[in-house]
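Quick note on our numbering: the sequence shown kicks off at 2 and runs consecutively.
Yeah, the Cβ is synthetic: ideal placement off N, Cα and C, and Gly gets one too.
Worksheet for the structure shown next.
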Amino acid sequence: MRERIPTALTIAGSDSGGCAGIVADIKTFAALGVHGMVAITAITAQNTYSIEAILDVPADIVVKQIEVVVEDMGVDAAKTGMLSNAEIVHAVAKVIEQYNIPLVVDPVIESKSGVKLLKPNGIKTLKKELLPIATLVTPNKMEAELLTGIKIRDLNDARKAAKYIVEELGAKAALVKGGHIAGDYAIDVLYCNGNFREYRALRLKEGYTHGAGCSFSAAITAELAKGKALDDAIKVAKEFITKAIAYGYEIGMGFNPVNPIAWLEIPAQKYLVIHNLERAIKLIEDNGKVFARFIPEVQTNIVMALPKPYARGICDVAGVLGRIVRVGDTVKAAGPIAFGASSHVARAVLKIMEYDKNIRAAMNLRYDERLLEAAKREGLIVSYYDRREEPPEIKKKEGATIPWGIEQAVKRAGTTPDIIYHLGDWGKEPMITIFGKDAVEVVKKALKLISAIEA
Ligand SMILES: Nc1ncnc2c1ncn2[C@@H]1O[C@H](COP(=O)(O)OP(=O)(O)OP(=O)(O)O)[C@@H](O)[C@H]1O
Ligand SMILES: [Mg+2]
């Protein structure tokens with residue numbers, strides 16, 4: 002028998018901007034490997050800075066959407082987001098209770114832009130009917146204050162509110178989120194079975210949190226659908242949401258959305274980079290005798306970066322650990338491929354990506370004028386920088402020389418060059434760096450130039 006994929010259901014509003022609501026939930030479910038299903042409660046005309054119109058779906062249609070999927074595929078866990086009005090809250094509470102589905106309630110009340118997403122009478126029904134059947138409630142600071150009447154200024158207040166939601170309002174567990182509670186860390190406080198637990202992450206720069214609450218509660222729901230215990234589910238979800246905020250993207254004129262796909266895309270891109278480097282290194286080793294003559298004193302590295310927006314530092318660039326070294330009359334990779342293995346060539350790639358994000362790979366070779374001449378004959382763009390012109394303040398800063406040099410070379414060429422060289426300086430040997438879209442392309446460029454001078 003085929004193994005059944007876990008299923009999760011989101012009962013929430015549609016955000017036409019694709020940042021929050023059911024869209025964020027479905028992305029999150031997919032990224033975490035569960036089959037996502039939806040019961041839409043309201044259609045919102047929404048972008049990154051405003052909600053212009055809301056159409057509530059009739060409560061019986063909301064219920065029908067739930068019933069049909071429960072009866073066919075089954076629902077391992079569900080979450081609620083925007084429920085809009087008291088009738089919907091009431092209907093959802095009834096049907097979820099009837100099927101006895103583990104339920105995460107994200108008590109969405111107001112949007113970031115200040116629009117009411119749950120009418121005042123809905124709040125009463127939510128407290129009376131939905132919270133008592135919730136496996137977990139995930140209010141942010143404002144929602145926790147509204148539900149409990151407790152003013153939240155710090156972690157201690159958050160604890161009080163979480164406890165109140167369980168002991169006075171009847172939820173099984175409450176997680177008061179720390180996104181809006183000041184501090185160097187974003188700390189979420191859980192109260193469950195008489196105990197407190199905390200989930201913390203370093204606070205990231207503000208502005209990439211549109212859809213954070215939705216994706217976070219969806220991630221918890223996905224993990225519960227897989228059968229995880231609550232504490233484990235929240236741990237994964239916290240890691241998930243921190244990544245989604247860290248790699249949130251800039252789009253629209255208002256609040257930038259989280260990126261729930263980062264969770265999947267980073268490992269997938271890492272695999273593609275490693276696979277490309279493996280092919281490139283094989284090509285180098287197969288032509289070891291050819292390359293041996295062009296390995297500099299500091300040896301060679303070949304590197305490839307993750308695509309933007311994931312390429313941020315040298316840990317996001319893979320290279321050969323221990324570099325590619327001359328062995329007798331041939332060359333060999335000294336160690337395995339690893340992210341963070343290169344510092345110099347990696348910095349060059351990261352800098353050139355600021356000018357052209359598609360140039361993601363590079364390799365350094367011993368300086369040889371004939372290579373540059375061959376490159377020019379082949380129509381490649383060659384540029385250079387002069388280390389003797391390096392300003393003293395750049396020289397003093399660790400790791401600043403190469404980015405400075407690349408900038409000089411790009412400005413000199415007026416475009417992103419295929420090759421950048423420098424003639425060295427005191428204690429620095431001259432060097433050629435070949436750039437390209439991927440590692441295999443770089444090696445092919447190098448081979449073409451070498452064979453051109455040997456022809
Ligand atoms: N700047 C930040 N850095 C790191 N984590 C954050 C940041 N802001 C929020 N979080 C985390 O994101 C999750 C969502 O919390 P938040 O308090 O932002 O929810 P919310 O206000 O309901 O979000 P939304 O407005 O999208 O509904 C929590 O785990 C929170 O700690
Ligand atoms: Mg929220």
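So Ile-454 packs on Arg-371, CB below 8 Å; how close in whole Å? With a contact defined as Cβ atoms closer than 8 Å, Ile-454 and Arg-371 qualify at about 4 Å.
Give me the Cα-Cα distance between Glu-4 and Ala-43, rounded to the nearest whole angstrom. Taking the straight line joining both Cα atoms gives about 34 Å.
Based on Cα-Cα distance, which residue from Asp-155, Ile-267, Arg-204 and Ile-27 lies nearest to Met-38? For the set Asp-155, Ile-267, Arg-204 and Ile-27, the Cα lying nearest the Cα of Met-38 is the one of Ile-27.
Cβ neighbours of Ser-15 in the same chain (closer than 8 Å, five flanking residues each side left out): So the list reads Gly-22, Ile-23, Val-24, Ile-41, Ala-43, Ile-44 and Thr-45, once near-sequence residues are dropped.
What whole-angstrom Cβ distance do Val-321 and Gly-341 have, given they're in contact under 8 Å? Here Val-321 is actually not in contact with Gly-341; their C-beta atoms are around 12 Å apart, not less than 8 Å.
Compare the beta carbon distance of Asp-369 and Ala-226 with 9 Å and say whether it is the shorter of the two. Result no, Cβ atoms of Asp-369 and Ala-226 do not sit closer than 9 Å.
Helix, strand or coil for Val-35, going by three-state DSSP, please let me know. For Val-35, the secondary structure class from DSSP, reduced to helix, strand or coil, is coil.
Using CA coordinates, which residue listed in His-91, Pro-308, Asp-330 and Lys-95 is at the minimum distance from Lys-120? For Lys-120, the nearest C-alpha among the options comes from His-91.
Flag this pair as yes or no: are the beta carbons of Thr-11 and His-36 separated by less than 9 Å? In terms of Cβ geometry, Thr-11 and His-36 do not form a close pair [threshold 9 Å].
Cutoff 8 Å; reference Lys-142; Cβ partners in own chain excluding five residues on either side: Once the five neighbours on either side are set aside, the close Cβ partners of Lys-142 are Ile-153, Ala-159, Val-177, Lys-178, Gly-179, Gly-180, His-181 and Ile-182.
From Glu-251 to Val-259, what distance separates their C-alpha atoms? Whole-angstrom Cα-Cα distance: 9 Å.
For the putative contact between Pro-261 and Ala-32, defined by C-beta atoms under 8 Å, what is the C-beta separation to the nearest angstrom? Confirmed, Cβ separation roughly 5 Å.
Pull the bridge partners of Gln-47 from the DSSP assignment, please. According to DSSP, which records beta bridges pairwise, Gln-47 is partnered with Ile-52.
When you compare the CB positions of Leu-366 and Phe-295, do they come within less than 9 Å of one another, or not? Taking the C-beta atoms as reference points, Phe-295 is found nearer than 9 Å to Leu-366.
Cβ-heavy atom distance between Ala-174 and ligand 1 below 8 Å? No, the Cβ of Ala-174 stays beyond 8 Å of every heavy atom of ligand 1.
Entirely within the stretch 165-230 and at least 4 residues each: give me those alpha helix (DSSP H) ranges in chain order. Unbroken alpha helix (DSSP H) stretches of 4 residues or longer found wholly inside the stretch 165-230: 213-226, given in chain order.
Rounded to the nearest angstrom, what separates Cys-316 and Ile-97 at their Cα positions? Whole-angstrom Cα-Cα distance: 45 Å.
With respect to 8 Å, is the separation between the Cβ of Asn-257 and the closest non-hydrogen atom of ligand 2 below this value? Flag unset: Cβ of Asn-257 not near ligand 2.
State buried or exposed for Trp-427, treating a residue as buried only when at least 16 other CB atoms are found within 10 Å of its CB. Exposed.
Could you tell me how far apart the beta carbons of Thr-139 and Asp-107 are, in whole angstroms, since I believe they sit closer than 8 Å? Between Asp-107 and Thr-139 the Cβ distance is about 5 Å, and since that is below 8 Å, they are a contact.
Between Pro-103, Ser-114 and Ile-89, which has its C-alpha nearest Ile-124's C-alpha? Among Pro-103, Ser-114 and Ile-89, the Cα nearest to that of Ile-124 belongs to Ile-89.
Output needed for Asn-194: all residues of its chain with C-beta closer than 6 Å, excluding positions within five of it in sequence on either side, in chain order. Contacts found: none.
Compute every distance between the C-beta of Val-444 and the non-hydrogen atoms of ligand 2, then say whether any falls below 8 Å. Short note on Val-444: C-beta not closer than 8 Å to any heavy atom of ligand 2.
Element boundaries [alpha helix (DSSP H), containing Ala-312]: Per DSSP, Ala-312 belongs to no alpha helix (DSSP H) and is neither H nor E.
For Thr-139, which of helix, strand or coil comes out of DSSP? Thr-139 falls in the coil class under three-state DSSP.
Do we get a CB-CB distance below 9 Å when we pair Leu-278 with the residues of chain C? Chain labels in this structure do not include chain C; a single protein chain is all it has.
What three-state label does DSSP hand Ser-17 in the structure shown? The answer is coil: DSSP assigns Ser-17 none of H, G, I, E or B.
Using only the alpha-carbon positions, how far apart do Gly-34 and Ile-52 sit? Ile-52 has its alpha-carbon roughly 31 Å from the corresponding atom of Gly-34.
If you draw a straight line from the alpha carbon of Ile-303 to that of Leu-148, how long is it in whole angstroms? Their backbone Cα atoms lie some 57 Å apart in a straight line.
Strictly by DSSP, which residues pair up with Asp-426? DSSP lists Lys-429 as partners of Asp-426.
Can you tell me whether Ser-452 is helix, strand or coil according to DSSP? Three-state result, Ser-452: helix.
How is Ile-360 classed by DSSP in three states: helix, strand or coil? DSSP places Ile-360 in coil when its eight states are reduced to three.
Taking the Cβ atom as the reference point for each residue, do Val-109 and Glu-146 lie within a distance shorter than 9 Å? By the CB criterion at 9 Å, Val-109 and Glu-146 fall outside the cutoff.
Near ligand 2: Val-190 beta-carbon under 8 Å from a heavy atom: No, the Cβ of Val-190 stays beyond 8 Å of every heavy atom of ligand 2.
Just tell me which of Ile-360, Lys-128 and Lys-398 has its CA closest to the CA of Val-441. Checked all of Ile-360, Lys-128 and Lys-398; the closest Cα to Val-441 is Ile-360.
Nonlocal neighbours in the same chain, by C-beta distance under 7 Å from Glu-391, ignoring five residues either side: By the criterion of a C-beta distance shorter than 7 Å, Glu-391 is surrounded in its chain by Thr-402 and Trp-405, once the five residues flanking it on both sides are discounted.
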